[in-house]
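J.: Protein sequences, first through last, are from chains U and W.
Under full-length UniProt numbering, the letters of the first sequence match residues 1 to 229, in that order.
Under full-length UniProt numbering, the letters of the second sequence match residues 1 to 229, in that order.
For each residue, glycine too, the CB sits at the ideal point set by N, CA and C.
Remember, it's a predicted structure, so these values are computed and weren't measured experimentally.
Dropping the structure in here first, questions after.
There are 2 protein chains.
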Amino acid sequence: MLDEYSASDKVLLALDCIIFGFDKEELKILLIKRDFEPEKGKWSLIGGFLKKEENLDEAADRILNKLTGLKNVYLEQLHSYSKIDRDPVERTISVAYYALINIEEHNEKLIDQYGAKWFSISEAPGLIFDHDIMVKHAISRLRYKTSKEPVGFELLPPKFTMKQLQKLYESILCEKLDKRNFINKINAMDILVKLDEKDMSSSRKGSFLYQFDHDKYKRKKADGFDFKV
Amino acid sequence: MLDEYSASDKVLLALDCIIFGFDKEELKILLIKRDFEPEKGKWSLIGGFLKKEENLDEAADRILNKLTGLKNVYLEQLHSYSKIDRDPVERTISVAYYALINIEEHNEKLIDQYGAKWFSISEAPGLIFDHDIMVKHAISRLRYKTSKEPVGFELLPPKFTMKQLQKLYESILCEKLDKRNFINKINAMDILVKLDEKDMSSSRKGSFLYQFDHDKYKRKKADGFDFKV
DNA sequence: AATTTAAGTGTTAACTTTACACTTCAAATT
DNA sequence: AATTTGAAGTGTAAAGTTAACACTTAAATT
Chain U
1 MLDEYSASDK VLLALDCIIF GFDKEELKIL LIKRDFEPEK GKWSLIGGFL KKEENLDEAA
61 DRILNKLTGL KNVYLEQLHS YSKIDRDPVE RTISVAYYAL INIEEHNEKL IDQYGAKWFS
121 ISEAPGLIFD HDIMVKHAIS RLRYKTSKEP VGFELLPPKF TMKQLQKLYE SILCEKLDKR
181 NFINKINAMD ILVKLDEKDM SSSRKGSFLY QFDHDKYKRK KADGFDFKV
Chain W
1 MLDEYSASDK VLLALDCIIF GFDKEELKIL LIKRDFEPEK GKWSLIGGFL KKEENLDEAA
61 DRILNKLTGL KNVYLEQLHS YSKIDRDPVE RTISVAYYAL INIEEHNEKL IDQYGAKWFS
121 ISEAPGLIFD HDIMVKHAIS RLRYKTSKEP VGFELLPPKF TMKQLQKLYE SILCEKLDKR
181 NFINKINAMD ILVKLDEKDM SSSRKGSFLY QFDHDKYKRK KADGFDFKV
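So, in structure tokens, the structure goes:
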């Protein structure tokens with residue numbers, strides 16, 4: 001019982017953030033080109049270090065904000081990575097978070113400043129350290145999470161068409177979905193509001209816009225309803 | 001970009017381990033009565049600190065081993081907890097792991113030495129720090145995991161009856177299952193070996209013993225098969 | 001030989017999921 | 001004004017899965 005406080009080794013605690021966005025067709029992640037050592041010039045996740053006065057969720061918020069300018073974003077802790085030589089400079093444990101953002105809302109200037117760029121998952125470059133494995137885990141968690149909880153909406157603008165929603169799920173799940181079955185399923189859950197407004201950008205007829213009804217979902221959930229795609 | 005390595009604050013990295021066992025009827029967790037400060041005399045999870053020469057998985061193995069004497073145990077990282085004042089002595093981040101062990105195999109002497117005791121989930125005492133929330137998360141993860149992967153067998157002896165397996169799932173899922181449906185489902189997956197041996201302890205007729213066939217499962221999984229309870 | 005007690009076994013109905021193709025609408029063109 | 005164009009929008013039936021349910025069998029005990 002004596003490997004207690006005093007005898008222990010403190011470590012640097014880093015955070016890395018997998019930022020997901022969806023640009024009409026594809027799921028993307030936001031990566032930065034490092035302009036600092038180590039691995040200067042290579043692509044990586046945005047990261048930072050935990051500060052004394054914050055917990056991990058707060059640190060993740062701060063790090064996400066410094067790159068995107070966004071606040072109140074969906075962020076979830078993923079996993080902690082601890083391979084001894086994962087960071088060549090110093091022993092560092094990294095806690096990975098993933099974020100879901102509306103890609104239309106990020107701050108372009110900040111992104112340029114960081115040399116950051118959106119990459120579709122399939123075209124992303126190899127990343128430094130263990131960041132590739134973090135991304136792999138994040139995608140797998142995203143698949144699970146979006147099919148069990150209505151968090152996919154975080155990746156869309158507040159008003160969206162059924163087509164957009166379907167494309168989003170297709171790109172997360174990496175499979176084609178049947179249009180009628182998809183719409184029937186979503187409608188059966190009765191958690192969207194159909195607006196009187198149409199998106200006219202994709203067809204002459206236009207397609208109706210919908211909104212996710214957070215309150216209705218909360219009430220249904222309290223009554224035992226389960227979201228499922 | 002300059003909140004880099006040098007400016008950062010190192011922290012103590014702890015690990016806490018939720019150890020699950022199953023004693024014929026009930027899911028249990030192994031807790032220790034602390035004989036050291038802070039919170040001496042109170043119940044808590046077994047824990048320890050990360051050392052320089054090990055990664056988190058190795059540290060969790062070591063900590064599990066010091067209490068149970070067991071090696072090669074099913075261990076999975078759960079979540080990292082970081083509330084600023086979660087540990088009153090010093091800023092500490094804790095990474096929680098959960099373990100599934102065959103309750104018959106742990107080392108009684110070690111357990112006595114640590115003042116440790118098995119508690120059924122419903123009768124466990126309140127725990128120190130944020131350990132109660134860790135246990136809650138662990139149970140919820142265990143439910144998910146055991147219904148998607150054949151890890152429940154880790155909680156049973158190598159040879160078990162269908163009844164035992166059903167009781168195990170009932171106690172993890174907190175619901176009664178239909179005997180015929182359960183057995184039909186398990187048999188349909190075709191991942192158990194029925195032995196010529198019976199357990200005679202529970203009835204005159206005796207009930208056949210089964211073993212989980214790891215290799216067969218691996219082969220089926222590679223062919224796209226999914227375990228599901 | 002009769003009794004006891006848990007083990008072992010299949011079928012049907014309810015529900016969920018999948019497969020599938022034509023009509024409607026509004027703008028653009030003639 | 002009529003026709004064309006292209007995506008939006010819509011329902012049903014078959015297949016598959018899950019859930020409900022009760023009697024027979026085996027071996028020990030009396």
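#1: If we ignore side chains and look at the alpha-carbon of each, how far apart do Gln166/U and Phe153/U end up?
#2: Which residue marks the beginning of the beta strand (DSSP E) containing Ser120/U, and which one marks its end?
#3: Spell out whether any CB of chain U is found under 8 angstroms from the CB atom of Ser147/W.
#4: Quick check: what's the CA-CA separation for Asp190/W versus Asp213/W?
#5: Would you check if the distance between the CB atom of Leu31/W and the CB atom of Ala116/W is smaller than 8 angstroms?
#6: Do you know how far the Cα of Leu12/U is from the Cα of Arg34/U?
#7: Compute the Euclidean distance between the alpha carbons of Lys163/W and Ala99/U, then round it to the nearest angstrom.
#8: Here's the rule I'm using: 16 or more other beta-carbon atoms within 10 Å means buried, otherwise exposed. How should Tyr144/U be labelled?
#9: Taking His106/U as the query, report the chain W residues whose CB atoms sit under 9 angstroms from its CB, ordered along the chain.
#10: With respect to the beta strand (DSSP E) encompassing Asp16/W, which residues constitute its N-terminal and C-terminal limits?
#11: Spell out whether any CB of chain W is found under 8 angstroms from the CB atom of Val135/U.
#12: Reducing DSSP to helix, strand and coil, say where Leu67/U ends up.
#13: Going by DSSP in three states, Glu90/W sits in which element: helix, strand or coil?
#14: In or out: residue 230/W buried (at least 16 other Cβ within 10 Å) or exposed?
#15: Roughly how many whole angstroms lie between the Cα atoms of Met1/W and Phe36/U?
#16: If we count Cβ pairs, one from each stretch, closer than 8 angstroms, do we get three or more for the stretch 208-224 of chain U versus the stretch 62-81 of chain W?
#17: Return the residue from the list Phe225/W, Pro38/W, Asp112/W and Ile101/W that minimises the CA-CA distance to Leu27/W.
#18: From Asp132/W to Arg204/W, what does the alpha carbon distance come to, in whole angstroms?
#19: Determine, using beta-carbon pairs with one atom in the stretch 53-63 of chain W and one in the stretch 73-84 of chain U, whether at least three such pairs fall under 8 angstroms.
#20: Find out if the Cβ-Cβ distance for the pair Leu155/W, Gly21/W is shorter than 8 angstroms.
#21: Using only CA atoms, which one of Val229/U, Tyr74/U, Pro150/U and Ala222/U lies nearest to Asn184/U?
#22: By alpha-carbon positions, which one of Val193/W, Ala188/W, Glu197/W and Met200/W ends up nearest to Phe227/W?
#23: Since I believe Arg141/W is in contact with Leu192/W (beta carbons under 8 angstroms), could you give me their beta-carbon distance rounded to a whole number of angstroms?
#24: Could you check where the beta strand (DSSP E) with Ser207/U kicks off and where it finishes?
#25: How big is the Cα-Cα spacing for Lys198/W and Thr161/W?
#26: Could you have a look at Asp112/W and say whether DSSP puts it in helix, strand or coil?
#27: Any residues in the stretch 64-82 of chain W with a beta carbon nearer than 7 angstroms to a beta carbon of chain U? Which ones, in chain order?
#28: Less than 8 angstroms between CB atoms is the rule here; does Met1/W satisfy it with respect to chain U?
#29: Can you give me the start and stop residues for the alpha helix (DSSP H) that Leu30/W sits inside?
#30: Between Pro38/U, Gly48/U and Gln211/U, which has its C-alpha nearest Pro150/U's C-alpha?
#31: With a Cβ-Cβ cutoff of 8 angstroms, do Pro38/U and Val95/U count as a contact?
#32: Let me check understanding here. Comparing Cα to Cα, which of Asp112/W, Val135/W and Lys71/W lies closest to Glu123/W?
#33: Do you know how far the Cα of Thr146/W is from the Cα of Ser8/W?
#34: May I ask you to list the residues that DSSP assigns as paired with Phe49/W?
#35: Name the DSSP bridge partner or partners of Ala99/U?
T.: Here's the rundown:
#1: 11 angstroms
#2: Ala116 to Ser120
#3: no
#4: 9 angstroms
#5: yes
#6: Near 20 angstroms, if we compare the C-alpha coordinates of Leu12/U and Arg34/U.
#7: 44 angstroms
#8: exposed
#9: None at all; the shortest Cβ gap to chain W is about 18 angstroms.
#10: Lys10 to Phe22
#11: For Val135/U, the answer is no, since every Cβ of chain W falls outside 8 angstroms of its Cβ.
#12: helix
#13: coil
#14: Any property of residue 230/W remains undetermined from this structure, which presents chain W solely from 1 to 229.
#15: Confidence is the limiting factor: at Met1/W the pLDDT is only 44, short of 50, which leaves the residue's position unreliable, though a coordinate-based value still follows. Their backbone Cα atoms lie some 8 angstroms apart in a straight line.
#16: Flag = no, the stretch 208-224 of chain U and the stretch 62-81 of chain W do not touch.
#17: Ile101/W
#18: When rounded, the distance between both Cα atoms is 42 angstroms.
#19: yes
#20: yes
#21: Val229/U
#22: Ala188/W
#23: Wrong, their Cβ atoms sit about 24 angstroms apart, outside the cutoff.
#24: Ser207 to Phe212
#25: 8 angstroms
#26: helix
#27: Gln77, His79, Ser80 and Ser82
#28: In this prediction, Met1/W scores a pLDDT of 44, lower than 50, which makes its location untrustworthy; the coordinate-derived value is nonetheless stated afterwards. So yes, Met1/W belongs to the interface.
#29: Careful: Leu30/W lies outside any alpha helix (DSSP H), inside the beta strand (DSSP E) at Leu27 to Lys33.
#30: Gln211/U
#31: No.
#32: Val135/W
#33: 40 angstroms
#34: Ala14/W
#35: Answer is Ile19/U and Leu75/U.
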